[in-house]
Amino acid sequence: MQTSPFTMPIRSIRLLAAALLVVLAAFVSVAASAQDQRANHIAARLVPERAAMPGETIELAIEMVPQDGWHGYWLNPGDAGFGMGLDWDLPVGASTGEPRYPTPEPLLIGTLMNHVYEGPYAVLVPFTVPDDAAPGSRLKIGVEADWLACTDRVCVPEQADLSATITVAQTAGKADARFDRWRQALPAPVASQGRYAIDGEQMRIAVPLAAGAEASDPHLFVADDGYVDYAAPQSFSREGDWLGASTTARQGAEGDGPVAMVLRLDGAGTGIAFTAEPGDVPAVAAAGGVPDTLWGGAGLALVLAAFAGGLLLNIMPCVFPILSLKAIHLARAGGDGHAARREALAYTAGVVLAVLALGTVMLALRAAGNEVGWAFQLQEPATVVLLLALVAAITANLAGMFEFTLPVRVEAGGGGAFMTGLLAAVAATPCTAPFMAAAMGAALLLPPVQALVLFAALGLGLAAPFLAIGFIPAVRRMLPRPGAWMVRFRHIMAMPMALTGLALLWLCVRLGGVPLLAGGLVIVAIVLGLCWIARRKQRGGGSALMPAVAACLVAVVGAAGASALAPPDGDRGSDVAIPGSIPFDEQALAQARAKGPVFLYFTADWCVTCKVNESVAIDRDSVIDSFDEHGVTVMVGDWTRRDPAITRFLASQGAAGVPLYLWYRPGQGAEQLPQVLHSQLLIDRATLSNPTTRL
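Heads up: the sequence shown runs through residues 451 to 1145, numbered per our numbering.
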């Protein structure tokens, strides 16, 4: 049979048509899928924090980006809407924890109060890698997420199938930098419990909030439905470490169990999370807002605490040599009261100006959304190397290796005393004295003007001894007469400054390992060499300006370059004082508190007070034995390098920096221990918290 000349082309056309149909169907499917994704008014994406080790818990972020005019909802949406639903598809042996939501915003539409997010946000979910996961393998994670997207006129239920892949590694990977920002948006957990009482149509809540913590625009969110009328007005008043709130209770509400709550503090989204138990709550006076605490009795106490903290900084090893040498300088000047007063005022101006400058930088960084606290600059390798060069130069100067002579006009006008004041303030930054914690914690939360008042009080306290020497003749007469002893004393004062330098060298190792240490030593050698050259030029009648400027440039530029040698994560762990201590983690803290007493302390390798307390009070056999006998869990928060979670927790406790010592008795809130510890205090707490002795 002869084949028609048209048979093959027709068959080819049929095959081509079939192929086109398949391609078209696939295209339509892809287009429909893309159409579905574009149809969502809130774009969603699943983001893993980093590569993880077997058995390790990291976090997953469900990143949500609403279109302009649209918003998503908190876990309790308020009067309308619904929160996010998650249906996970996980590898065998893997698990997820409870989602953590950022602080929501109140949005009143008509008579309905909504708890929403009007901008991009992320819900964080703990994810635990299977214990038997093989390093090098990749874990596929999937989740079907549904949520409600709304404008002020229309709401649309939305859904997305999200997926991500996590690499199982032998060591922890580098974290996605966005997680720092997302964690900052979470409400800071407050360990102390709140209280609430329902009296007829009124619900009163006592919120644990550290004295001095600003709440410029507070709004209280209740996570559980059925307790409050969401759209009702909320009144607030302040008393010590408590913020009182009052609102209208939901009809039929009963106070018969713990209630999770979030307090939004201001328009920037800062918030705290706490649990309230039924209890006695005094009536809350109607108020238009939270009063400015600094201008009342509590504010005066904060100012005095800042002054006392600055005063005590003078006995720290990095400040005392500088103060002593200025006192010697006055002794050498004799009884010229006018000159003494001029020197004292110039020194005070330098100290206060430096402290105010540091405070302004801290407040500006916090206003920009950064989580920082006192001595935050010591968490940066470049700053540590720069301080190392400065301390090395001061040590060499005290030891007599070189000495610069300022022009007579500058010295006579108080320029030398002013520069010494600046130097003393910079040298004081690694230290935290008693009384400083509450004052500096409040300074970082108060309005800027009030915060700067506290920083100025700290600077005045630091300058107070020199002011007393300059303005009180009786104090000035107590100074020893000039003599040969002054040279020996100067050499002796080089020793504590040298110890400060050794501590900074050790900190270089902790922050960046051997590369940062080597870079720091090279910079120190060059700076000291240039200082020696400058002194030789000055002795020969020449100008020391160029070598001195070169030394400053080498220190600044070299510090920035040396910090690049540090690994991204460095050595993040402090040497824990008590063996068996566990690293700070908010979830681990809650679990430990459920088991028994907990001693939680926050430390840093650059904190002199921290290390002294650990040596003389915490790392003692008697304390370790007592903790073991009474079942005390020890948890350590290492703030050597920047950690947003620790910074937020410190702020929630009213602390601007370390050290911070907290004691948790079973079933009770946190007791803040003094910043100067002794071992018997810890032993007594262990005995009182759990008198039952282990057999």
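Where is the CB? At the ideal position from N, CA and C, for every residue including glycine.
Check: Rank 760, 700, 898 and 634 by C-alpha distance to the C-alpha of residue 666 and give the top, closest one.; Outcome: 898
Check: What is the DSSP secondary structure of residue 600, reduced to helix, strand or coil?; Outcome: strand
Check: Mind listing, in chain order, the continuous alpha helix (DSSP H) runs of no fewer than 4 residues lying wholly within the segment 483 to 520?; Outcome: none
Check: Identify every residue that forms a DSSP beta bridge with residue 563.; Outcome: 558
Check: Quick check: residue 919 and residue 790, are their CB atoms within less than 8 angstroms of each other?; Outcome: yes
Check: Do the segment 697 to 711 and the segment 527 to 535 meet, that is, are 3 or more Cβ pairs less than 8 angstroms apart?; Outcome: no
Check: Is it buried or exposed, residue 996, if we count other Cβ atoms within 10 angstroms and call 16 or more buried?; Outcome: exposed
Check: Could you tell me if residue 472 is buried or exposed, where buried requires 16 or more neighbouring beta carbons within 10 angstroms of its beta carbon?; Outcome: Confidence at residue 472 is low in this model, with a pLDDT of 38, below 50, so the placement of that residue should be treated as unreliable; the coordinate-derived value is given next. Under this definition residue 472 is an exposed residue.
Check: If I follow the unbroken beta strand (DSSP E) through residue 670, where does it start and stop?; Outcome: 669 to 672
Check: With which residues is residue 590 paired in a DSSP beta bridge?; Outcome: 615
Check: What residue from 573, 563 and 1030 has the CA that sits closest to residue 496's CA?; Outcome: 573
Check: For residue 786, name the three-state secondary structure that DSSP assigns.; Outcome: coil
Check: Report yes if the CB atom of residue 982 is closer than 8 angstroms to the CB atom of residue 851, and no otherwise.; Outcome: yes
Check: Can you give, in chain order, each stretch of the beta strand (DSSP E) that sits fully within the segment 1027 to 1101 and has at least 3 residues?; Outcome: 1048 to 1053 and 1083 to 1088
Check: Rounding to the nearest angstrom, what Cα-Cα distance links residue 487 and residue 590 in this structure?; Outcome: The predicted model places residue 487 with a pLDDT of 44, which falls under 50 and marks its position as unreliable, so this point remains unresolved.
Check: Quick check: what's the CA-CA separation for residue 956 versus residue 971?; Outcome: 12 angstroms
Check: Please name the residue, chosen from 929, 1064, 536 and 578, that lies closest to residue 545 on a Cα-to-Cα basis.; Outcome: 578
Check: Closer than 6 angstroms by C-beta to residue 538: which residues in its own chain qualify, once you throw out the five before and the five after it? Chain order, please.; Outcome: 546 and 593
Check: Quick check on this structure: which residue in 1012, 976 and 989 has the alpha carbon closest to the alpha carbon of residue 1001?; Outcome: 976
Check: Is residue 797 helix, strand or coil by DSSP?; Outcome: helix
Check: Would you be able to state if there are at least three C-beta pairs under 8 angstroms between the segment 1061 to 1081 and the segment 1128 to 1140?; Outcome: yes
Check: Can you name, in chain order, every residue of its own chain whose Cβ lies under 8 angstroms from the Cβ of residue 1116, other than the five neighbours on each side?; Outcome: 1043, 1046, 1047, 1139 and 1140
Check: Can you grab the Cα-Cα spacing for the pair residue 753 / residue 622, in whole Å?; Outcome: 44 angstroms
Check: If we ignore side chains and look at the alpha-carbon of each, how far apart do residue 758 and residue 1056 end up?; Outcome: 22 angstroms
Check: Less than 8 angstroms between the C-beta atoms of residue 668 and residue 715, yes or no?; Outcome: yes
Check: To which residues of the same chain is residue 536 closer than 6 angstroms at the C-beta, ignoring the five residues directly before and after it?; Outcome: 593 and 595
Check: Can you tell which of 722, 708, 550 and 712 has the C-alpha that lies nearest to the C-alpha of residue 728?; Outcome: 708
Check: Can we say the segment 578 to 588 touches the segment 609 to 622, given the rule of at least three CB pairs closer than 8 angstroms?; Outcome: yes
Check: Among the residues of its own chain, which have a CB less than 6 angstroms from the CB of residue 768, if the five just before and after it don't count?; Outcome: 877 and 950
Check: Could you tell me whether the segment 640 to 649 touches the segment 602 to 615, using the rule of 3 or more Cβ pairs below 8 angstroms?; Outcome: no
Check: Using C-beta distances below 6 angstroms, list every residue in its chain close to residue 710, excluding the 5 sequence neighbours before and after it, in chain order.; Outcome: 673 and 725
Check: Ends of the alpha helix (DSSP H) at residue 976?; Outcome: 935 to 989
Check: Residue 736 to residue 687, Cα distance in whole Å?; Outcome: Here the model assigns residue 736 a pLDDT of 36, short of 50, so the residue's position is not dependable, and the following value carries that caveat. Their Cα atoms are separated by approximately 7 angstroms.
Check: Among the residues of its own chain, which have a CB less than 6 angstroms from the CB of residue 1009, if the five just before and after it don't count?; Outcome: 832, 835 and 836
Check: Taking the straight line between their C-alpha atoms, what separation do you get for residue 607 and residue 597?; Outcome: 6 angstroms
Check: Would you mind working out which of 510, 1052 and 944 sits nearest residue 844, comparing C-alpha positions?; Outcome: 944
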